[in-house]
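In this note's numbering, the protein residues as written are 1 to 151.
All residues carry an ideal CB built from backbone N, CA and C; glycine is no exception.
For reference, the structure discussed in these notes is given below.
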Amino acid sequence: QLASLSEPIQVLVEAMFGESRYEEVAWLRGLYLTSATQEGAPIDRLTAALSSSFGLPPRRALPAPRVEKRSFFLKNLLTEVIFKEAGLGTFDPLAQRRRAWIWRGAAAACAAAALLAGGLFTWSYFDNRNAITAQAGQFEALQTPLTSVAA
Numbered sequence: 001q002l003a004s005l006s007e008p009i010q011v012l013v014e015a016m017f018g019e020s021r022y023e024e025v026a027w028l029r030g031l032y033l034t035s036a037t038q039e040g041a042p043i044d045r046l047t048a049a050l051s052s053s054f055g056l057p058p059r060r061a062l063p064a065p066r067v068e069k070r071s072f073f074l075k076n077l078l079t080e081v082i083f084k085e086a087g088l089g090t091f092d093p094l095a096q097r098r099r100a101w102i103w104r105g106a107a108a109a110c111a112a113a114a115l116l117a118g119g120l121f122t123w124s125y126f127d128n129r130n131a132i133t134a135q136a137g138q139f140e141a142l143q144t145p146l147t148s149v150a151a
């Protein structure tokens, strides 16, 4: 049964851990096999598979006694392997440092852009205020000659 899984497992592993031009290749730490919930005697399934591979007709299944269903290997896999090895995966320190500098640069660029925009708005405000003051001065200068003409 395990040999029949070799090709699908190979395709899966190559798809997940194969080379890619878009990202760095992940490392395969291990392959853990677990079993699903089993009911009945495992030997019954084994003999049925063997008899079908030899072309023998399937045996009638005898009514199986009521047996408690159990999951094998999962508890040990989780407690003895996965939880104990939780700290093995870490980030690349150089990549973390590079990422931190990129964030700092982006924050500095945003701050510089905000300061530049604020400076431009302030300069525009004072420039427009001076233009309005100059226009008011010209209006006052023209108002005196126009008053005498209108009278």
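query: The stretch 49-58 in contact with the stretch 98-108 per 3-pair CB rule at 8 Å; result: no
query: Residues near residue 33 by beta carbon distance below 6 Å, same chain, minus five either side; result: none
query: Supposed close pair residue 161, residue 19 - CB separation, criterion 8 Å; result: With the chain represented from 1 up to 151, any question about residue 161 goes unanswered, as that position is not in the structure.
query: Cβ-heavy atom distance, residue 6 to the ligand NAD, below 8 Å; result: As for the ligand NAD, it is missing from this structure, which has no ligand bound.
query: Pair within 9 Å by beta-carbon distance, residue 13 and residue 31; result: yes
query: Whether residue 88 touches residue 29 by CB criterion (9 Å); result: yes
query: Under the three-state DSSP convention, the category residue 124 falls into; result: helix
query: Residue 88 in three-state terms, based on DSSP; result: coil
query: Neighbourhood of residue 74 by C-beta, 7 Å cutoff - its chain only, sequence neighbours within 5 removed; result: 34
query: Residues of its chain near residue 138, where Cβ-Cβ distance is below 7 Å and the 5 sequence neighbours each way are ignored; result: none
query: Local conformation of residue 53 per DSSP, three classes; result: helix
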